[in-house]
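The structure under discussion appears below in the form of structure tokens.
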Amino acid sequence: MAETTPRILAPHLDSFTNRTIRIIGKVTQLRGETAILEASGPITCHLNRDSHLTVGHAVEILGKVQGDLSVKVLRATDMGGEREFDFAAVEALVDATHRYKEIFYAE
């Protein structure tokens, strides 16, 4: 069975070290090969060559949480401008997936 990729936010990072995860957040900074993502707190993301992010846009990151709680990006998907995206709905979704893990993720 393939590894599951739970959806998380910044407060969950320490529980998922060395695991592949999904994060939806807003790009707040871009600096070379690094981006800062806001997802209920700042997350440092180490981009790959295929990552094409825009400051102020929503993005879904598939990545691996590193020991320093940064995320190594495996894939990034731009989801449009922040006005077009409901971040409160994302937070509610992530909360539900952690509250009812047995429904969303096979352990």
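Take the sequence shown: its position 24, counting from 1, is numbered 24 in the UniProt record's numbering, and each next residue is one higher.
Idealized CB from N, CA, C, for every residue including glycine.
Since we're looking at a predicted model, the values are computed, not measured.
For residue i, collect the residues of the same chain with a Cβ closer than 7 Å to its Cβ; drop the 5 residues on either side in sequence, then sort them by chain order.
i	result
Val65	Leu13, Phe16, Thr17, Asn18, Arg19, Ile21, Val71
Ala10	Ala39, Ser40, Gly41, Pro42, Ile43
Could you tell me how far apart the beta carbons of residue i and residue j are, in whole angstroms, since I believe they sit closer than 8 Å?
i	j	result
Thr44	Thr34	6 Å
Ile24	Glu60	5 Å
Pro6	Tyr105	6 Å
Val94	Ile36	Not quite, the Cβ-Cβ distance comes to about 19 Å (not below 8 Å), so this is no contact.
Leu69	Leu53	In fact, because the Cβ distance is near 19 Å, the residues do not count as touching under 8 Å.
Assign residue i to one of three DSSP states: helix, strand, or coil.
i	result
Pro11	helix
Thr97	helix
Glu38	strand
Tell me the residue span of the beta strand (DSSP E) that contains residue i.
i	result
Pro42	42 to 46
Val55	Unbroken run through Val55: none, as it is neither H nor E.
Leu74	71 to 81
Gly25	20 to 31
Got a sec? Which residues, its chain only, sit under 8 Å from residue i by beta carbon, not counting five neighbours each side?
i	result
Gly81	Gly56, His57, Ala58
Met79	Ile24, His57, Ala58, Val59, Glu60, Phe85
Quick one, are the C-beta atoms of residue i and residue j less than 8 Å apart?
i	j	result
Ser40	Ala76	no
Gly63	Leu74	yes
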